[in-house]
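These protein sequence lines are chains A and B, in that order. Take the first sequence: its position 144, counted from the start at 1, is 139 in the working numbering, and no numbers get skipped. With the second sequence counted from 1, adding 55 to any position gets you the working numbering. Here a beta-carbon is modelled for each residue, glycine too, at the ideal position from N, C-alpha and C.
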Amino acid sequence: MAETGSYWDRIVSQRVSRRRALQMAAIGGASAGAIAVVGCGGSSSDNKTPGSGSTPSSGGTQGSQKPLLGGTWRGALNDPQSKFDAQKFPTFTVQGINSFSYSRLLRSASALNDPTTPDIDLKESDWYRPVPDLASKFENPDPTTFIFTLQDGAKWHNIDPLNGRAVTPDDIVQSFNYYRTARPDKGKNLDSVDSVTATGANQVTFKLKESFGPFTIIISSPSDLWIYAPEMINNPDKLNSTMIGTGPFVMKGYQQGVSMQFDKNADWWEKDAQGNPVPYVDKLNFPVIPDKNNEFSQFTAGKLEGITLPAELVDPLKQQKSDAIVTQSIANLLNFLFFPPAAYDSKEPPFNDERVRQAVSMAIDREALIGLASGDTGGKKHNLINAGFLWYLDPESSQMGDAAKFFKRDVQAAKQLLSAAGHDSLDTKWHYTNNAYVTAVPYYNPLAEAIPAMLRDAGINATTVTHDYQSEWINPSGGIFYGGLKDGIAFALETPVNHPWIQFTYEFTQGNSRNHSHINDQEIIDLVNQIGKETDFDKGRDLAYQVQEKNGQHMYYVPLVGPFGFAAQQSYTRTWAAPTSYGIGSESYPYYQIDTTKQKL
Amino acid sequence: MTTYIIRRILLMIPTLLLVTVLVFLIVRLLPGDAVETIIGQYTPLTQGDRAAVKHELGLDRPWWKQYGDFVGGALHGDFGKSLQSQQPISKDLKNRLPVSFELGALAIIISIIIAIPIGVLAAIRQDSILDQIARSSSIAMLAIPSFWLGTMINVYPNTWFNWAPPTYVPFREDPMGNLWFFFIPAAVLGVGLAGAVMRLTRAQMLEVLRQDYIRTAWAKGLRERSVVIRHAMKNAMIPVLTLVALEVPIVVGGAIVVETIFSVPGMGFYLVTAANTHDYPELQAVTLLLALVVVVSNLLVDVAYAYLDPRIRYS
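Shown next, in the form of C-alpha cells:
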C-alpha cells in the first residue's frame, strides 16, 4: 500500500496537512455518507490537554489574504430532513443539522488554514479540542466545578418568538434540564453532573458529583448538550419543525424532501484571526438529492459547490472535471468482529479461549481488505479506537507490545494457536447483515464475503449466515448486535463516539447494550473508570492506549480496517476550516468561501 | 346509470375498509423496530428507555385502538402525525400530492402524445416500414425499465456535455422552470407507458378499420382523414381510454423510483422514506391514498365506458 504509506507518513510527522478532510462538502455532511469521512488523525507526540480557560477561535483566515465574501454555497442533502429536536431524536443527522442554527457551550476545534492553498493544516492536538462556542470561556477552579461565561451580546435569532432577545444563563439551565428529560437515555453521558445553576448575569456553573475527565469534550460534542431557548422547549411542535437558535446560520426556508435554506447570522460572535466576521458566505442552499448519480451530475455541471464521493467516482470525476479539488480522509466507522456472549458468560468453547480469537485475527489479511474496501485508493488498520481518532493507537506500533503481531496475517501462527487450543480445524458460523449498508457503506458486504475465505486458510471453516438488519441484527430483543449472538463470529459496524470513555463504557461494562459479547474484564473496566476520572489529557490518552493494547492481547473485539472517504469541491471555493466532529454547521461552514465571479449560478 | 354509479360507490366502501385492514397489518409486519429508526442506533437504550419512547409514540396501545384511530382519522382526512417529524401527515400530503399528480398527468399526456398518433399511423399503414419501426419501438419502450432510462439520462448527458437535470422549483415560483423540471421524469415515465398504449391503439384501429361501417364510409367517398379520425378512432379509443385510466395508479406507484432518481418531492419519494424509517402512519396514509386512486380510477373508467359507448348498458 505505497500510496497509503506516504499519506500516513505525513500524519506521523505530527501535523496533518489535510486536503479538506471533513468539509464533508455537501451537508451530506450530516448524513451517513458524511459521517463516513469524519475524523482523520493518528498518534502524535505533541498532544496537549484540552485546557481550561479562554480558548482561541477555531478557524479562519491566516496571513494577509482577504477572505472571499458573499455568495451562496450549494450542497446536497441526501436524506429528507424531517425533525430538528436533537434531544428527543439524537441521531447524527439531526445533530449535524442543529449545528447550523444552534450552539453548544463549547464546540470541537476546526483547523486554521493556510489561505494560499485549499489544504487544511490541522494539528492533531486540535482534534476534539473544546473551543468556545456560546461560552466565551470556562473556568475549572476545582475538579468538580466548571464555570462557563457566555459570549458578550449573544442573541437568539431575530425570529418570532425569540425576536433577537439576549441569551441568559437560565437558557442554559433549561436546556440542560431538557437534555436530562427529553433524551431517550436521559442524558447518561452527563450523569456526572450534579447541578447546573445560573451564577451571575452572564455565568452558569456546572457542579459535578465527582471528577470527570471527558466533561468538556462531552459538553462540546454534537451528540449531547444543545442550547435551546425555553420558548422553543415549551413548544415541542415548533422545536421539532424549525430551528431558532444562536448559531452561525439562520434557517430561512425548509420544505421536507425539497430543500433547506439558511442566511448567515450577522450577529454571530465569531471573528477570524484578522477580525473579519464570519460566516463568509451570505447564504446556504441544500436541495434534497437522494440519488448519488444525480448529485454527481449536479456537481460536475457546476450546480453544487461540494459533494461527498464514493471511491469508484473519484477517477471519473478527475477525468470529467480535472480542476475539482478532491480530498480524502479516513472513514469514521469502526468495523470489527465479535464473539458469542456465552464465551464469556458461561466460558463456552471455542471462543472462550483467547488463542482461538487471536487465531481469527491472525488469519485476516488486513492489507487485502483495505485494497478491497477502497478499490486500492488506500486506508488504515483500525484498532478498537478507529483510525482517525486522536486516541487511536496504531495496532502495529511498539506501544501495542506483543499484541501487535495479532494484527498481521500469519496463517501458520494462526494454525499453531488453534492447535494449542485443541483444534486442528474449527467449524463455526459467520454472521453478518447483508441488507443494511449496501449504499451507505458499500465496502461492508464485500469484506463480509472475503473474510471467510481468509479464515479458511487457517483452518477456520465458517459457514455464512446472513441476517436482516432490522429484525435480526439491531432488534433490541435478541438482535445479534445487542447480545443475541448464539454461536460463531459476527462482523459489525459501529459509529464511534467522540471520547474513548464513552466508547469503552459501551463496549466493556456489564449490562450495556453495546457490550456485544458481555465481556467482563475487571482490568479493562478499571482502566475505563480511570479514563473517566482522569482530567489530564495525556494521561487519559495513555489509559486509552492501554485499553486498546489489552483488547488486542485478548482479542475480545477483532478490529479490522477503514478505507479513505472522499469529498470534492469546486476549484473556485475555499474551505478553510476542517471540523473534527459532525457539528459541521458551526465548525466548518462559517469558513467556507466562494469566488462568486467564477461561480456558475 | 345513476343507480349503477351509486351501487359502485357503495361497493367502494367495503373495498377500502378491507384495504385499511391490510395496510394496517402489513406495515406492522415489516421487520424491525420503529423506535430504532426514530431514535437512532447511536444511543444505547435500555428496554425501559425503549418502552418509554414506544409509549410516547403511542405504539404500545392495543392494535384495535390504533386501527380505530387510523380509520376514524382517515374518514375526517386526518392521518395523524408522522412518527418521524411529529408533524401532521395531511400537511405533508398537501405538499406532495400535487407534485405527484403533476408528474403523473404530464407522464400520461406525454405517453398519449407519443403513442396514439404512432399507433394510428402504424395501423393505417399496416406492415409498412413505419409500422415495423413503431412495433419495434413499442416493444423497446415496454422492455426498458424506467430506473435504467432515468439513470442513463442522469449519467450520459452529464459525461458528454456536463449537463445535469434541473432541480425542483415550485410552480408558483417559476412556472417554466417547474415544467422543465418535470419534463424529464415525466418523459421517462411516459415513454414506459407509451409502449402499451401504442400497441393497443394499433390493434384496436386495425380491428375497427375492418368493420362494415368503415367500409361504408370509404364507399361514401369520405377522405381518409375523416374516416380515420371521425369514424374509426372514436370507437377504437374506448379500450385505449381504459388502459390510460388504469395507468393512473401505475404512474403513481411506478413513480417511486423515478421520483428518487430525479429528486421529485412527491408521494413516491415520501413512501420510500416512510418505509425506510418505519413510519407507520405515513405508510398507512400513502398506501390508503394509492388504493383510493386505484378504486376511483376504476370507477371513472367504468362510468366513462357507459358514457362513451351507448351499446353498454349497466342497468
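Note that the stretch 194 to 204 of chain A does not touch the stretch 532 to 543 of chain A; fewer than 3 beta-carbon pairs, one per stretch, sit closer than 8 Å.
DSSP places Y59 (chain B) in the uninterrupted alpha helix (DSSP H) bounded by T57 to L84. Counted as a single uninterrupted DSSP element, the alpha helix (DSSP H) harbouring L355 (chain B) occupies residues Y335 to L363. Beta-bridge pairing by DSSP links M255 (chain A) to A:Y249 and A:F281.
Annotation: V90 (chain B) to I469 (chain A) spans about 11 Å, alpha carbon to alpha carbon.
Looking at B:L84, B:V356, B:A340 and B:Y362, the one whose alpha-carbon comes closest to that of K136 (chain B) is B:A340. Note on H511 (chain A): 16 or more other CB atoms within 10 angstroms of its CB, so buried under the neighbour-count rule. Residues of the stretch 293 to 310 of chain A with a C-beta less than 7 Å from any C-beta of chain B: Q293, T295, A296 and K298, listed in chain order. Between S254 (chain A) and S103 (chain A), the C-beta spacing is not below 8 Å. Scanning the stretch 332 to 396 of chain A for uninterrupted alpha helix (DSSP H) segments of 4 residues or longer gives 337 to 340, 349 to 358 and 361 to 369, listed from N- to C-terminal end.
Residue contact with chain B for P336 (chain A): absent (no Cβ-Cβ distance below 8 Å to any residue of chain B).
A residue is called buried when at least 16 other Cβ atoms come within 10 angstroms of its Cβ; P336 (chain B) meets this threshold and is buried.
Think of a sphere of 7 Å around the beta carbon of N233 (chain B): no beta carbon from chain A falls inside it, the nearest being about 12 Å out. Close partners of D232 (chain A) in chain B (Cβ separation under 8 Å): Q141 and Q142.
Taking C-beta separations shorter than 7 Å and ignoring five residues to either side along the sequence, the partners of G474 (chain A) in its chain run E467 and W468, following chain order. For Q102 (chain B), the nearest beta carbon of chain A is closer than 8 Å to its own beta carbon.
Per the C-alpha coordinates, the member of A:M357, A:A408 and A:S393 positioned closest to F402 (chain A) is A:M357. Nearest Cα to F125 (chain B) within the set B:L338, B:S166 and B:D364: B:L338.
Judged by DSSP secondary structure, D189 (chain A) falls outside any alpha helix (DSSP H) and instead within the beta strand (DSSP E) spanning V188 to G195.
Residue pairing for F244 (chain A): DSSP places it in a beta bridge opposite A:K259. Residue pairing by DSSP places D422 (chain A) opposite A:N456 in a beta bridge. In this structure, V523 (chain A) and T500 (chain A) form a Cβ contact; the two beta carbons are roughly 6 Å apart against a cut-off of 8 Å.
Residues of the same chain with a CB within less than 6 Å of the CB of G250 (chain B), apart from the 5 flanking positions on each side, are S193, M196 and L197 in chain order. In the structure shown, the three-state DSSP call for E489 (chain A) is strand. At a Cβ-Cβ threshold of 8 Å, K481 (chain A) and A457 (chain A) do not count as neighbours. The beta carbon of L355 (chain B) sits closer than 8 Å to those of A300, all from its chain and outside the five residues before and after it, given in chain order.
Residue ranges of uninterrupted alpha helix (DSSP H) with 4 or more members, entirely inside the stretch 548 to 585 of chain A and ordered along the chain, are 579 to 582. Chain-order list of chain B residues neighbouring V321 (chain A): empty, with the shortest C-beta distance near 17 Å, by a criterion of under 7 Å.
Looking at the DSSP output, R102 (chain A) shares a beta bridge with A:V126.
Contact of S77 (chain A) with chain B is assigned, a C-beta pair being separated by under 8 Å. Proximity of chain A to R105 (chain B) at the Cβ level (cut-off 7 Å) is accounted for by P471, in chain order. Where T211 (chain A) is concerned, the enclosing alpha helix (DSSP H) starts and stops at F210 to I214.
By the rule that beta-carbons nearer than 8 Å mark a contact, W218 (chain B) touches chain A. Along the stretch 130 to 161 of chain B, the positions whose C-beta sits under 8 Å from a C-beta of chain A are S137, Q139, S140, Q141, Q142, D147, N150 and R151, read in chain order. The beta-carbon of S236 (chain A) is placed less than 8 Å from the nearest beta-carbon of chain B. For the pair P212 (chain B) and T295 (chain A), the Cα-to-Cα distance works out to about 11 Å.
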